[in-house]
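4 protein chains.
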Amino acid sequence: MGSIYGNKLKVSIFGQSHAAGIGVVIDGFPSGVKVDFDALTEFMERRAPGRNAQSTPRREADAPEFISGLSDGYTCGAPIAAIIRNTNTRSGDYNGFSDIPRPSHADYPALVKYGPHNDFSGGGHFSGRLTAPLCIAGALSIGLLKKNGINISARVIEIGGVTTSEEDMTAVIDAARAEGDSVGGVVECVAEGFPCGIGDPMFAGLENRIASAVFGIPAVRGIEFGLGFEAARLRGSEHNDAYTVEDGVIRTKTNNHGGIIGGISTGMPIVFRVPFKPTPSIAKEQDSVSVSSMEDRKIAIKGRHDPCIVRRAVPCVEAACAIALLDALLEDGYDLKTE
Amino acid sequence: MGSIYGNKLKVSIFGQSHAAGIGVVIDGFPSGVKVDFDALTEFMERRAPGRNAQSTPRREADAPEFISGLSDGYTCGAPIAAIIRNTNTRSGDYNGFSDIPRPSHADYPALVKYGPHNDFSGGGHFSGRLTAPLCIAGALSIGLLKKNGINISARVIEIGGVTTSEEDMTAVIDAARAEGDSVGGVVECVAEGFPCGIGDPMFAGLENRIASAVFGIPAVRGIEFGLGFEAARLRGSEHNDAYTVEDGVIRTKTNNHGGIIGGISTGMPIVFRVPFKPTPSIAKEQDSVSVSSMEDRKIAIKGRHDPCIVRRAVPCVEAACAIALLDALLEDGYDLKTE
Amino acid sequence: MGSIYGNKLKVSIFGQSHAAGIGVVIDGFPSGVKVDFDALTEFMERRAPGRNAQSTPRREADAPEFISGLSDGYTCGAPIAAIIRNTNTRSGDYNGFSDIPRPSHADYPALVKYGPHNDFSGGGHFSGRLTAPLCIAGALSIGLLKKNGINISARVIEIGGVTTSEEDMTAVIDAARAEGDSVGGVVECVAEGFPCGIGDPMFAGLENRIASAVFGIPAVRGIEFGLGFEAARLRGSEHNDAYTVEDGVIRTKTNNHGGIIGGISTGMPIVFRVPFKPTPSIAKEQDSVSVSSMEDRKIAIKGRHDPCIVRRAVPCVEAACAIALLDALLEDGYDLKTE
Amino acid sequence: MGSIYGNKLKVSIFGQSHAAGIGVVIDGFPSGVKVDFDALTEFMERRAPGRNAQSTPRREADAPEFISGLSDGYTCGAPIAAIIRNTNTRSGDYNGFSDIPRPSHADYPALVKYGPHNDFSGGGHFSGRLTAPLCIAGALSIGLLKKNGINISARVIEIGGVTTSEEDMTAVIDAARAEGDSVGGVVECVAEGFPCGIGDPMFAGLENRIASAVFGIPAVRGIEFGLGFEAARLRGSEHNDAYTVEDGVIRTKTNNHGGIIGGISTGMPIVFRVPFKPTPSIAKEQDSVSVSSMEDRKIAIKGRHDPCIVRRAVPCVEAACAIALLDALLEDGYDLKTE
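So the sequence lines, in the order shown, correspond to chains A, B, C and D.
Heads up: the first sequence at position 208 corresponds to 208 in my numbering, and the numbers run straight through without jumps.
Basically my numbering = 1-based index in the second sequence + 1000.
Basically my numbering = 1-based index in the third sequence + 2000.
Basically my numbering = 1-based index in the fourth sequence + 3000.
Written as structure tokens, this is what we have:
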């Protein structure tokens, strides 16, 4: 359980890294939306591995096949199902991991929860590869939001502690790879054009909804909205967003709340940041244990692994944000244009 | 919508700051648990206003009346309903707020969402006072978790940027009050003794569940688990939690993940931190607008307000954590001892 | 668990027959609806006991107190909470039932599920009295639906096998009472004016939604839509509802489907029937067992009990129908008029 | 929306009659259950068309391909996804139906709900073909329930009003086919060995749960439990199920309640009946309208259609029952044996 997101828009993700395939079922997506397959491909490409020197050499077509939910290229109101075949798998790399859990992977807690039949191969259902179906749902949602004037855009603002330039970030990644190590980073996401008055108080606030979607991406360690943790260090007089009228619309002069107050959108850009931990799969030798013998063991993870997944995570964060916002709009009965 | 949390344990919170009362319905709480009313009172006291020089002078009994769900002092399996009467209200303080929204309160987005019949008085359903019923549910959940060896404990680790000593934090609060201003802070929460293998991948991970509950507390601006944002600055070799065997149990040598990997508990302490923004109600004059005339206005918020709600938020964070963890245990069919 | 209904409109019912009270929390009810308290009282009166010679002499005010969710007599968008105090309880009547379960009451399965701390007194959470809070939610929903041209009306069509006249039905009830026995009956409900195109396929069809609400009423043993079981005996050419155009609107010439096809409304009246079993509480001696000694026992149920609850069930069926239909409309983002 | 069933076991069905395929995602199925593919095939065969002279000549392999959720033939705890390719489609048969809705099909309400992009071809997402993925989920659930001593078995008890013998029922079907007409019928389902004390009061009772699943099968017009509508005609003294002790176990002497009281199982066999309407697709000419011109039209439905789908519906009812009962067991944390 746990692989379904949403109330009105339900996104159900399935698949394991080395099963026959991975995919998604999207129930509740509005009818009559023309699917932009080029935009979808482009979006999927941003997440795909092996696109630059920094990322894993595993290269896959990752082209989704749509099984249902479309009619003549338009969404038809029925659940949209899409699958991606797993073709380039090398399960040999992962042999034996079931007895010696990889540090900071889900191997061990999954063994305790699911027992010995858990599919450990390549991370199974916990693999970062499962973000590909998330991106299918995200691309469709982003397309529909765009038609309604809502634009979502995320970017890397920090890698391995470096915030200066893209070249510096690349250098940090290269240095980590050279040492068989890895680095993490921070992604910031902004949704512009989101209407005021959407969301709910308490447990269905936009923060709760976005957080629930974003923590569905592996390696996410937190989330903060607006000024986030920095807000805790300011005075109320500094942090409060004063109101003003601009072009006949009520807006705030600052946007320290990142577009959400009381769980409800203010009409200002929605802004949040997400820290990603360094890739747990590293070539360096690590301490682990043998579950069967309960003895200490060493483990060095071979296989093909990104020293940094943060850049590839950018579209995943956009996808999670888009799904959460579209679900909130649908729940509020917001009148969405489909064309 | 939005005021119900949970899947197996459903916590439904109702009330407005100046309505007849506030309260909670808890559906799914196990039968046969003796309610410790002293512990409940003590827990509620930690959240109650007016307990020290730093907090608002509004003083209320806040003693919940249990309407249902108990039989001879034990939970009986039926939904537990409890209400707290609102007695000490001074709605006069809040007159006119519906036309001039208070900066960083939910007034304006709530007006857009709910229209002119929204109850603005004292913050209505968005008031921090609504954390009192959350604490009722939290106290019962904490009591049951304790019987099962799980202890939840939160504390203030930062106020107004100060992390040094309690006296220093108090000084920061006093300084803010003296200037008609307010400060925020950070709360850290630890759950010890939580069993390994509980939770779910993707959207029902323990992080998603805890985040969903915690963002139900007003003024929360983010959440991070384990090292959180700091993890993004470390190498994988530094951040990975190596396994070892200790007293016949598999544990990690470090706990940088804060007890959760892949959404599932590792058996290590669950650790997270939550930033609270400075109280938005400040005596200092602020810029706002008149919604009816669409003209700029000044607003100075009278009434009784805490210059810092962080200390009172500590039990609220514990409550949110307890509810989330108990719900996860119940969903996993974990065999809970009721005595 | 189990006492919450709905997706967008969430109706959470609490209380036990002999606890301090019973009540309801309604989350998601639209803001800005003026509550018609007279209509509410009148509606509650139809369900209340002791209104005629046929029903139980237990007489209660059953006037709900609204704790929250209203502002100046209008719904304000916050959860609506209402409680009814239990005043006229005679728990002495029920002593010992926990060891000797009453046939066809929930005593025994509830004992197995909840253990000895289950509140058996007066049926506890399983009592027919819990339909009072259902009727509060129903009355508010009916009021809002009416403003949108949707009228819900149920009536008794059969009691104790008698379908002829109200006098004949009364005679059947009187005969049963005279013998310390009870009778059941059938209620038919019609919703007129419900718009076409509302509902969902498969598991969220209007039938599924209405059935889920209606089975929340104790003593319901089934449900059928349109011709129901009779449809199974017809030819397709007899049962199919042919289309025609009437006053510029597409309608069906017959309404054998009771206004729902494929889970979605057709614009024709929604029609369904619900059988109620005879009241299980009868004065006649019955066979039961002692749970503690596992020996056969006789039981004769004293206390005050209706020989027939079917007439009082009529508003309950209307309430369940109204809640289900309003929830479906809200989920579909239907633009409801609040005035 | 609407194509996902369940709380702990979530069954998400997708596909249209003439799309690339149909399928199911099952999230929450326990880990470590060996899949009996022979039993699955056999179960699917019972539902498949073209198996006898009475049913539609459309013949399809209907062999599901498992995309995920299995590891070495065992369930692994990850969502189980299976698809069935649509191979034998003849969409030409259905041309023009979008403008002239077929009586008693979902064409017209679906057009109103989803607009012109709805996939009408072959019934789209509303087709009876969508019960094939339901049966995949059902077969797996039935297999797991069997390992726990729970056996589910449904059978036809009435076709076209005939209850006497299978030959008589066949004769009724043949007569209908000869006239280009169709007949309906009634299916009875029994679940034996289901433990006592499972289920919930009010809206999550076993009746609500089973009804919600069963109404997911097209053509279902009602449901009744135990004696159902007949119960409404009995006296309480006739209908009440007296308790007794049998082989050291508390049982009821009769089972008029069909194994469920107060929404909770009694330990007696769960019994319910479901009426199916006659197949709406008939060769006989019918009255309909042109949606574009709003004029009356005649329609005669060609294509391949069963004159009676009741026999093929039997495994679908078993599947719906199994899914509902397994979900209830999982929600109650019942300790299921996987071997």
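From the three backbone atoms N, C-alpha and C, an ideal C-beta is built for every residue, glycine too.
A quick note: this is a predicted structure, and the numbers were derived from the prediction, not measured.
Between the alpha carbons of D/Val3033 and C/Glu2331 lies a gap of roughly 37 Å. Rounded to whole angstroms, B/Asn1148 and B/Gly1069 show a C-alpha spacing of 21 Å. Counting other Cβ atoms within 10 Å of its Cβ, A/Met44 reaches 16 or more and is therefore classed as buried. In the displayed model, A/Leu227 falls within coil according to three-state DSSP, outside both helix and strand. Listed as beta-bridge partners of D/Phe3043 by DSSP are no residues whatsoever.
Under the rule that a run must span 4 or more residues, the alpha helix (DSSP H) segments found entirely inside the segment 176 to 254 of chain A read 206 to 214, 236 to 239. Using a Cβ-Cβ cut-off of 7 Å, A/Gly69 does not count as an interface residue toward chain C, since no Cβ of chain C sits closer than that to its own.
A direct Cα-Cα distance of roughly 50 Å separates B/Thr1266 from C/Val2274.
The beta-carbon of A/Arg312 is placed no less than 7 Å from the nearest beta-carbon of chain B. Distances from the alpha-carbon of D/Gly3122 to those of D/Gly3303, D/Pro3315, D/Ala3324, D/Gly3023 put D/Gly3303 closest. Within a 10 Å sphere around the beta-carbon of B/Met1268 sit 16 or more other beta-carbons, which makes this residue buried. Under the DSSP definition of a beta bridge, D/Asn3151 partners with D/Glu3192.
B/Ile1084 and C/Val2024 have their C-alpha atoms roughly 15 Å apart. The residues Ile250, Arg251, Thr252, Lys253, in chain order, have a CB closer than 8 Å to that of A/Tyr243 in the same chain once the five nearest residues on each side in sequence are set aside. Within 7 Å of the CB of C/Asn2118, the CB atoms of chain B belong to Ser1031, Cys1076, Gly1077, in sequence order along the chain.
C/Glu2179 and C/Pro2278 have their C-alpha atoms some 14 Å from each other. As for any alpha helix (DSSP H) of minimum length 4 sitting wholly inside the segment 1102 to 1145 of chain B, the runs are 1107 to 1114, ordered along the chain. Inter-residue distance for D/Gly3185 and D/Arg3221 is about 10 Å (C-alpha atoms, whole angstroms). Cβ contact annotation for C/His2105 (same chain, cutoff 6 Å, sequence separation greater than five): Pro2280, in chain order.
The Cβ of B/Gly1263 sits no closer than 7 Å to any Cβ of chain D. Between the alpha carbons of C/Gly2002 and A/Cys76 lies a distance of about 34 Å.
Setting aside the 5 residues that flank it on each side, D/Pro3079 is surrounded in the same chain by Val3025, Asp3027, Gly3069, each with a C-beta closer than 6 Å to its C-beta; the list follows chain order. Counting only the Cα atoms, C/Leu2144 lies some 8 Å from C/Lys2337. DSSP links D/Gln3286 through a beta bridge to D/Ile3299. D/Gly3138 and B/Gly1197 have their C-alpha atoms spaced approximately 28 Å apart. Closest option to B/Gly1258, judged by alpha-carbon separation, among B/Ala1175, B/Phe1225, B/Ser1288, B/Glu1230: B/Phe1225.
Taken in chain order, the members of the segment 2230 to 2246 of chain C whose beta-carbon sits within less than 7 Å of a beta-carbon on chain D are Ala2231, Ala2232, Arg2233, Leu2234, Arg2235, Gly2236, Ser2237, His2239, Asn2240, Asp2241, Ala2242, Tyr2243, Thr2244, Val2245.
Contact check for D/Ile3136 against D/Pro3064 passes: the beta carbons are separated by less than 7 Å.
Around D/Asp3119, the same chain offers Gln3016 as residues with beta carbons nearer than 6 Å, after the five sequence neighbours per side are excluded. Counting along the chain, D/Val3314 sits inside the alpha helix (DSSP H) bounded by residues 3310 to 3331. Rounded to the nearest angstrom, the Cβ distance from C/Ile2217 to C/Val2310 is 11 Å, too far for a contact under 8 Å.
Along the segment 2181 to 2204 of chain C, the positions whose C-beta sits under 7 Å from a C-beta of chain D are Asp2181, Ser2182, Val2183, Gly2184, Gly2185, Val2186, Cys2196, Gly2197, Asp2200, Pro2201, Met2202, Phe2203, Ala2204, read in chain order. The beta carbons of A/Gln286 and A/Ile299 sit closer together than 7 Å. Ranking D/Ala3283, D/Ala3154, D/His3305 by CA distance to the CA of D/Gly3128 puts D/His3305 first. Only Pro2116, His2117, Asn2118, Asp2119, Ser2121, Gly2124, His2125 from the segment 2116 to 2141 of chain C bring a Cβ to less than 8 Å from some Cβ of chain B.
Rounded to whole angstroms, C/Tyr2108 and D/Leu3134 show a C-alpha spacing of 33 Å.
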